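In what follows, a structure is listed as structure tokens, so that the remarks can point back to it.
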Amino acid sequence: MSLRRREVVKKLLEKRGGLLVVAGLGSTAWDITAAGDTDLNFPTWGAMGQAAMLGLGIALAQPKRRVLVITGDGEMLMGLGSLATIGVQQPKNLTVVVIDNERYGETGMQATHTAHGVDLAAVAKACGFKNSRVVTKNVDLRRMVHETAGPNFLQIKVAAEKLPLVLPPHDGVHLKERFRKALSDVLAKKP
Amino acid sequence: MQPDWPAEVHRELAAAGVRVVGFVPDAGHKRLIELCQANKKMRAVPLTTEEEGIGLACGAWLGGERSVLLMQSSGVGNLINVLGMVSVCRFPLVMVITMRGEQGEFNPWQVPMGEGSARVLETMGVAVRQAGEPQAIAAHVKLALTRAFEAQGAEAVLIAQKVIGIKSFQEQRNQ
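Residue numbers (my numbering), protein chains in the order written: chain U, -4 to 186; chain P, 2 to 176.
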């Protein structure tokens, strides 16, 4: 039985506490929103290839908070160099999750490079991620996201399916401001 | 006497509270990069391509920190699409860009992007400040830092190639 993306993402974000979350454009932005839109989500609507770098920027700025990037295989492929950059920086608090359906989901479900065997987890490992693996079964990933010293990389193979759109707010200024405000509120509560 | 512009710019970055410095190496930025790497309050982050610097800068701001991006003009073309995120979210952004393809350029392949850099940046909503003299650079950077972090602007300071003054591969290698 193939994993289903919405269930995987919902589980990743269960009882998330102060987890800081970035989503790549398209399906993964809809996935994190379907799990429940909150101010500590930064779903992107563009800048393809930059989700992991946004996560690195947050992780370096907030070394005591956990940061989770959830993006698609197509988005990750456009920013492969960022895996090398993250490998050099070694942020312990960063986990990058690729929801890999081996398709460009927003543009007609064309095959991505991962459909032809490109192994993103192996790339991340070679770039110096502390933990990196391909996930094909329903396993508990909570410890990896919330505790394990990173950088961590999970390539989660999921079914290629067309799902109802669940859209987050698209006003970029709003998304940015709400994230910063919510983060400062979290920091004020837990010094 | 020539002003020590890398030291002056580094002082401005430190005074503005810049904590994250993304960079794609350039000969013209060699000393400034070294000063930032030596500053314990700054995290210097080497990038594989300039557009990573935009994600890094926006992420750092989301996390509550100020950053700067050091690069050369040949990398401006790599930024175009991702500058859309800076514009639509009004992320503060400061880029210090050394120019290629100007006076003294020895490599013709550097010329088209050098000549197009300012227009490309302006087209994508970035304010461009041309620093043609070494003594003007730090003041431009200071203004760019203020505009970016106080008024949520995207700013680029272009340092003219004549300031850097590299004329040949051999001189660059000997630097």
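Heads up, the beta-carbon is just placed ideally off N, CA and C, and yes, glycines get one too. Model, not experiment: these values are computed from the prediction.
Comparing the C-beta of VAL46 (chain P) with each C-beta of chain U, is any distance below 9 Å? Stepping through the second sequence from its first residue, residue 46 (chain P) is reached at position 45. Chain U, which has a Cβ nearer than 9 Å to the Cβ of VAL46 (chain P), makes this yes.
Q. Can the beta-carbon of ALA137 (chain P) be found less than 9 Å from the beta-carbon of SER88 (chain P)?
A. Position 136 of the second sequence, counted from the first residue, corresponds to residue 137 (chain P). Position 87 of the second sequence, counted from the first residue, corresponds to residue 88 (chain P). Cβ distance not < 9 Å, so ALA137 (chain P) and SER88 (chain P) don't count as in contact.
- Item | LEU71 (chain P) vs GLY23 (chain P) beta-carbon contact at 9 Å | Residue numbering aside, residue 71 (chain P) sits at position 70 when the second sequence is read from its first letter. Residue numbering aside, residue 23 (chain P) sits at position 22 when the second sequence is read from its first letter. At the C-beta level, LEU71 (chain P) and GLY23 (chain P) come within 9 Å of one another.
Next item on the list: Determine which residues share a DSSP beta bridge with ASP95 (chain U) and list them.
Entry: Looking up residue 95 (chain U) in the first sequence gives position 100. Within the DSSP secondary-structure output, ASP95 (chain U) pairs in a beta bridge with U:LYS152.
Next on the checklist: Restricting to runs no shorter than 3 residues, where is the beta strand (DSSP E) found entirely within the stretch 102 to 181 of chain U?
Outcome noted: Segments of the beta strand (DSSP E) lying fully in the stretch 102 to 181 of chain U: 126 to 130 and 147 to 152.
### Length at least 3, wholly inside the stretch 65 to 124 of chain P: the beta strand (DSSP E) runs in chain order
Within the stretch 65 to 124 of chain P, the complete beta strand (DSSP E) runs of at least 3 residues are 67 to 73 and 94 to 99.
At least one CB of chain P closer than 9 Å to the CB of LEU25 (chain U): is that the case? Within the first sequence, numbered from 1, the residue matching residue 25 (chain U) stands at position 30. According to the sequence provided, residue 25 (chain U) is Trp. The question's Leu does not apply to it. By the rule that beta-carbons nearer than 9 Å mark a contact, TRP25 (chain U) does not touch chain P.
Practice item. Take the Cβ of PHE107 (chain P) as the centre, count every other Cβ of all protein chains shown within 10 Å, and call the residue buried at 16 or more, exposed below. Key: Sequence index remark: in the second sequence, residue 107 (chain P) carries index 106 (1-based). The residue in question, PHE107 (chain P), is exposed, as its Cβ has fewer than 16 Cβ neighbours within 10 Å.
- chain P within 9 Å of THR66 (chain U), Cβ atoms only: Locating residue 66 (chain U) in the first sequence gives position 71, counting from the first residue. Residue-level contact by beta carbon fails for THR66 (chain U) and chain P, as no gap is shorter than 9 Å.
### Query
Which of the three DSSP states, helix, strand or coil, is assigned to GLN171 (chain P)?
In the second sequence, the residue the question calls residue 171 (chain P) occupies position 170. Looking at GLN171 (chain P) - three-state DSSP - the assignment turns out to be helix.
ask   = Which residue from U:LEU72, U:ILE81 and U:LEU162 puts its Cα closest to that of HIS111 (chain U)?
value = For the purposes of this step, residue 111 (chain U) is taken as residue 116 along the first sequence, with counting starting at 1. Here the closest residue by C-alpha is U:LEU72.
- Item | Beta-carbon neighbours of ILE55 (chain P), restricted to chain U and to distances below 8 Å | On the second sequence, residue 55 (chain P) is found 54 positions in, with the first residue counted as 1. Near ILE55 (chain P) (Cβ distances below 8 Å), the residues of chain U are ALA42, GLN45 and MET48.
Original post:
According to DSSP, which residues form a beta bridge with PRO26 (chain P)?
Top reply: Translated into the one-based positions of the second sequence, residue 26 (chain P) becomes position 25. Beta-bridge analysis with DSSP links PRO26 (chain P) to no other residue.
Practice item. Grab the span of the beta strand (DSSP E) containing LEU159 (chain P) for me, first residue to last. Key: Taking the first residue of the second sequence as 1, we reach residue 159 (chain P) at position 158. For LEU159 (chain P), the uninterrupted beta strand (DSSP E) run begins and ends at 155 to 160, by DSSP.
Assumed close pair VAL129 (chain P), LEU159 (chain P) - CB separation to whole angstroms, cut-off 8 Å: As a position in the second sequence, residue 129 (chain P) is number 128, starting the count at 1. As a position in the second sequence, residue 159 (chain P) is number 158, starting the count at 1. Between VAL129 (chain P) and LEU159 (chain P), the beta carbon gap of about 6 Å places them in contact (Cβ cut-off 8 Å).
Check: Any idea what DSSP makes of PRO47 (chain P), helix, strand or coil?
Finding: Your numbering for residue 47 (chain P) matches position 46 in the second sequence. When secondary structure is reduced to three states using DSSP, PRO47 (chain P) falls in the strand class.
key: Residues, ordered as in the chain, of the stretch 116 to 143 of chain U that lie near chain P by beta-carbon distance below 9 Å   = Listed in sequence order: no entries.
Considering only DSSP beta bridges, list what ARG130 (chain P) is partnered with. Here residue 130 (chain P) refers to the residue found at position 129 when the second sequence is read from its first residue. Under DSSP, ARG130 (chain P) shares a beta bridge with P:VAL158.
### Message
Less than 6 Å between C-beta atoms, sequence neighbours within five positions excluded: which residues of the same chain meet that for ASN96 (chain U)?
### Response
Numbered from its first residue, the first sequence carries residue 96 (chain U) at position 101. The residues are VAL153 and ALA155.
- Beta-carbon proximity check, VAL64 (chain U) vs ALA18 (chain U), cutoff 9 Å: Along the first sequence, read from residue 1 onward, the residue named residue 64 (chain U) stands at position 69. Along the first sequence, read from residue 1 onward, the residue named residue 18 (chain U) stands at position 23. Cβ distance < 9 Å, so VAL64 (chain U) and ALA18 (chain U) count as in contact.
- [ ] Grab me the residues of GLY117 (chain P)'s own chain with a C-beta within less than 8 Å of its C-beta, minus the 5 sequence neighbours each way, in chain order.
- [x] The residue labelled residue 117 (chain P) in the question sits at position 116 within the second sequence. Closer than 8 Å at Cβ, skipping near neighbours: VAL77 and GLY78.
Notebook entry, point to check: What do you get for VAL134 (chain U), buried or exposed, if any count of 16 or more other CB atoms within 10 angstroms of its CB means buried?
Noted result: Residue numbering aside, residue 134 (chain U) sits at position 139 when the first sequence is read from its first letter. VAL134 (chain U) counts as exposed, since fewer than 16 other C-beta atoms from the protein chains shown sit within 10 angstroms of its C-beta.
Check the Cβ-Cβ distances between PHE24 (chain P) and every residue of chain U, and say whether any is below 9 Å. Here the question's residue 24 (chain P) lines up with position 23 in the second sequence. For PHE24 (chain P), the answer is no, since every Cβ of chain U falls outside 9 Å of its Cβ.
If contact means a Cβ-Cβ distance below 8 Å, which residues of the stretch 27 to 46 of chain P contact chain U? So the list reads ARG44 and VAL46, given in the order they occur along the chain.
- Message: Residues of the stretch 123 to 157 of chain P in Cβ contact with chain U at a cutoff of 8 Å, in chain order, please.
- Response: From the stretch 123 to 157 of chain P, no residue has a Cβ closer than 8 Å to chain U.
Less than 9 Å between the C-beta atoms of LEU14 (chain P) and ALA58 (chain P), yes or no? Residue numbering aside, residue 14 (chain P) sits at position 13 when the second sequence is read from its first letter. Residue numbering aside, residue 58 (chain P) sits at position 57 when the second sequence is read from its first letter. Inclusion of LEU14 (chain P) and ALA58 (chain P) in the CB contact set at 9 Å is not warranted, their separation being larger than that value.
Subject >> Coil, strand or helix - ARG32 (chain P) by DSSP >> reply: Sequence index remark: in the second sequence, residue 32 (chain P) carries index 31 (1-based). In the three-state scheme derived from DSSP, where H, G and I count as helix and E and B as strand, ARG32 (chain P) is classed as helix.
Proximal chain P residues relative to GLY167 (chain U), where beta-carbon distance stays under 8 Å = Here residue 167 (chain U) refers to the residue found at position 172 when the first sequence is read from its first residue. Taking a Cβ-Cβ threshold of 8 Å, the residues of chain P close to GLY167 (chain U) are MET86, VAL89, CYS90 and ARG91, in chain order.
When you compare only the Cα positions, how much space is there between GLY69 (chain U) and GLU9 (chain P)? Along the first sequence, read from residue 1 onward, the residue named residue 69 (chain U) stands at position 74. Along the second sequence, read from residue 1 onward, the residue named residue 9 (chain P) stands at position 8. Taking the CA atoms as reference points, GLY69 (chain U) sits about 42 Å from GLU9 (chain P).
message = Pop quiz: GLU53 (chain P) and SER127 (chain U) are said to be a contact at Cβ under 8 Å. What is the actual Cβ separation, rounded to whole angstroms?
response = Here residue 53 (chain P) refers to the residue found at position 52 when the second sequence is read from its first residue. Here residue 127 (chain U) refers to the residue found at position 132 when the first sequence is read from its first residue. Contact between GLU53 (chain P) and SER127 (chain U) is absent: CB atoms are separated by about 19 Å, not below the 8 Å threshold.
Does the beta carbon of GLN57 (chain U) sit closer than 9 Å to a beta carbon anywhere in chain P?
Numbered from its first residue, the first sequence carries residue 57 (chain U) at position 62. The beta-carbon of GLN57 (chain U) is placed less than 9 Å from the nearest beta-carbon of chain P.
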